[in-house]
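A quick write-up on the structure given underneath.
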Amino acid sequence: MGEGKGSREESELVPGLLRHWLIGRVLVAGLALGCYANSCWGDFVFDDSEAVINNQDVDPGATSLADVFSHDFWGTNISSRTSHKSYRPLTVLSFRLSFWLGGGRNPFHFHLANVLLHPLVCLLLLEVLNNWFCQLKTSSKPVSRVDWRAPICSSEALVATLLFAVHPIHTESVSGVVGRAELASALFFFSSILAYPSPTSQGGRAVEILRLLLTLVLAGSAMLFKEQGITALGVCTVSDVLFRAKKLQKESGGQAKCRSLPWSYWRQWCDGGSGRKLCLRSAVLCVGGAGLVWGRFAVMTTGAPQFKPIDNPASFSDSWTTKILSYNYLYSLNWWLLYHPWWLCFDWSMGCVPLVQSATDLRVAAVAVFWAGLGALAFRGLSRFHTGDGRLVILSLSLVVLPFLPASNLFFTVGFVVAERVLYLSTAGHCLLVAIGAAYIGAFSSLTKRVVQVFLVYLTVFLALRSVHRSSQWLNEESLFISGLHVCPLNAKVHYNVGKVLTDAGLDEQGEVVYKEAIRLYPEYDQALNNLGNLVKESNRLTEAEMYLERALKHNVSREAFEGKSFREIRCSMISHKRFLGESL
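Be aware that the sequence shown starts at 1, since it is given in full-length UniProt numbering, and climbs by one per residue.
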């Protein structure tokens, strides 16, 4: 697919009318809004309880602004050893704004902000992708600034954004209030990329310096909403290198094809004024990014957070074989969720994904397929680095991989197995790859073009319907937790949460059965043991209750409080049970 080769380079999958500057953007925003509008009437669910309901930092009258910047995302002092170390003060400030606008912890106002943020992110993504296509494809007219009234120059950009807007993997980010971190971080992530000075940017050196500083400020802000926002600087660097390669090819009259590997351009990249500017911009981003990361780690005065084996079993394994195989299987599972977002669950811990302990495990085949596919895409991009589509494949991969790195366990241990909301940014790169592939296939003939168009329409409708269905499951905890039973039946936390819902509804017998299943799956589950102990105590089965409560305390000796009661209170309760039994005898 060489530069400027007519139909293969410009396979217009989307009619020109839909690429009108207004119609295209209204379509994107409308679909993004329509898929998740029902979330506005949802309750606070799952992690929202800790992040919003039980977090005093959300209430402007309860804590000061200084407290927000000295506490973690969940309201615990960041210097405490029990802190989760998730430092997202700007997200907490946005919660305080929702609290103020809604006159309290009104779920509607919290959800409304999320629902409105998603289409805004989609519009920024469309602008980013549109600029990339205009910059990297010879047949597209380069742009020097953001122009919202300019027509969408690429069908692929619009297709990718539409797929991103309706992708069901975003449900946790949009329908769960905690997902505000991902949404706001993505907003500043793409704003940072748009602010970054491109080779065709207008203005002198002062304007370029200001735009570079603005890029750092926006990326730093994205990081303070959610840690992965800092990876915007990496995407900016990759795009800058690719823009430079395009410029070199143009200056050489199309002769600098570099059909093997892009680093053969290295000497040319640093030659001339534009080459030196590229190196200088990259150095500024590197130093600025390192400073932001250092500041982020400096906040954690007591070191890294302390997790339990149930949070991330692979990281606690003594076998490096198990660690490597399990981590790689999780990478393939995350990739699969992007392609087939039907198997979705609110929590993937506690046995939901068993460890891969041997190379004979059948799941290793999924790992092989994943790396073969990723390698094929990387080879395609590098081997066709001289073409616009080759460079766009590389840029797409960077948008998939770089935002995922903080959650990959490569640099530090994370407190989860799979978290769908951390894929919010990576989904953009995935959708761009799908759009590029669709355009490539559609360019072969009018028949393949028509087939691809029909497929994309059906795909968009299917994803949109799945998003509406999934967002309806997030409206309340009962439907959310029960949906998890079908996806992760081995997850003790899913059974525990279903048990809570049942007992809260007065269905104590059913709740007891589910609690016992959670304990069977994870015998050291202190919270389930505590709840079951209190439940059977209400049935006057005091000996059984004492057994469960003692087991709960045994597995939770490091905590000062448990389910709202101190250890001393629970022990006193058990002593009173013993006395009662003695008197009865």
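Cβ atoms here follow ideal geometry from the backbone N, Cα and C, with glycine treated the same way.
This structure is a prediction, so every number in the text was calculated from the model and none was measured.
Three-way DSSP call (helix, strand, coil) for residue i in this model
| i | result |
| --- | --- |
| residue 167 | coil |
| residue 142 | Because the pLDDT of residue 142 is 46, which lies under 50, any placement of that residue in the model is unreliable, and the question is left without a value. |
| residue 530 | helix |
| residue 555 | coil |
| residue 497 | helix |
| residue 71 | strand |
Delimiting residues of the alpha helix (DSSP H) encompassing residue i
| i | result |
| --- | --- |
| residue 484 | 477 to 487 |
| residue 329 | 320 to 339 |
| residue 21 | 21 to 36 |
| residue 131 | 107 to 136 |
| residue 225 | 205 to 225 |
| residue 345 | Residue 345 -> no alpha helix (DSSP H), and no H or E assigned at all. |
| residue 89 | 89 to 102 |
| residue 516 | 508 to 521 |
| residue 389 | 388 to 401 |
| residue 439 | 426 to 442 |
| residue 371 | 364 to 383 |
| residue 469 | 446 to 473 |
| residue 18 | Premise fails: residue 18 is in no alpha helix (DSSP H) and is neither H nor E. |
| residue 182 | 180 to 195 |
Cut-off 7 angstroms between Cβ atoms - residues of its own chain near residue i, not counting five sequence neighbours on either side
| i | result |
| --- | --- |
| residue 328 | 367 |
| residue 218 | 188, 191, 192, 195 |
| residue 643 | Examination of residue 643 is not possible in this model, given that the chain is present from 1 through 585 alone. |
| residue 494 | 347, 481, 484, 485, 488 |
| residue 312 | 413, 414, 415, 416, 417 |
| residue 29 | 119, 122, 123 |
| residue 460 | 162, 163, 166 |
| residue 502 | 510, 511, 514 |
| residue 99 | 58, 59, 60, 105 |
| residue 215 | 192, 195, 196, 236 |
| residue 452 | 13, 438, 441, 442 |
| residue 498 | 481, 482, 485, 514 |
Exposure of residue i, with buried meaning 16 or more beta-carbon neighbours within 10 Å
| i | result |
| --- | --- |
| residue 131 | buried |
| residue 439 | buried |
| residue 276 | exposed |
| residue 352 | buried |
| residue 335 | buried |
| residue 545 | buried |
| residue 356 | buried |
| residue 458 | exposed |
| residue 156 | buried |
| residue 7 | Only weak support is given to the placement of residue 7: the predicted model assigns it a pLDDT of 43, under 50, and the question is left unresolved by the model. |
| residue 56 | exposed |
| residue 548 | buried |
| residue 53 | exposed |
| residue 538 | exposed |
| residue 113 | buried |
| residue 540 | exposed |
| residue 239 | buried |
| residue 536 | buried |
| residue 444 | exposed |
| residue 110 | buried |
| residue 308 | exposed |
| residue 586 | Outside the displayed span of the chain (1 to 585) sits residue 586, for which this structure offers no information. |
| residue 62 | exposed |
| residue 19 | buried |
| residue 543 | exposed |
| residue 159 | buried |
| residue 339 | exposed |
Same chain only: Cβ atoms within 8 angstroms of residue i, ignoring 5 sequence neighbours per side
| i | result |
| --- | --- |
| residue 479 | 472, 473 |
| residue 331 | 367, 370, 408 |
| residue 321 | 357, 358, 359 |
6 angstroms CB neighbourhood of residue i in its chain, flanking five on each side removed
| i | result |
| --- | --- |
| residue 300 | 85 |
| residue 448 | 441, 442 |
| residue 345 | 484, 487, 488 |
| residue 390 | 381, 384 |
| residue 326 | 314, 355, 356 |
Check your understanding: Okay, do the region 418 to 436 and the region 151 to 170 touch, 3+ Cβ pairs below 8 angstroms being the bar?
Key -> With the cut-off at 8 angstroms, the region 418 to 436 and the region 151 to 170 touch.
Check your understanding: Is it true that the region 203 to 215 meets the region 117 to 127, where meeting means three or more beta-carbon pairs spaced less than 8 angstroms apart?
Key -> For the pair of segments examined, the region 203 to 215 was found not to touch the region 117 to 127: the number of CB pairs separated by less than 8 angstroms stays below three.
Practice item. Evaluate contact between the region 308 to 316 and the region 396 to 404, counting only Cβ atoms and requiring at least three cross-stretch pairs below 8 angstroms. Key: Contact between the region 308 to 316 and the region 396 to 404 is absent, because fewer than three Cβ pairs lie under 8 angstroms.
**Study point:** Stretch-stretch touch, CB-based, cutoff 8 angstroms, three pairs: the region 500 to 514 with the region 359 to 376
**Key:** Touching, no, given that fewer than three Cβ pairs across the two stretches are closer than 8 angstroms.
Exercise for review: Decide yes or no for the touch test of the region 47 to 61 against the region 168 to 178: beta carbon pairs closer than 8 angstroms, at least 3 of them.
Suggested key: Enough Cβ pairs lie closer than 8 angstroms, so yes.
Check your understanding: Contact between the region 87 to 99 and the region 62 to 77: three or more CB pairs below 8 angstroms?
Key -> Output reads yes: the region 62 to 77 touches the region 87 to 99.
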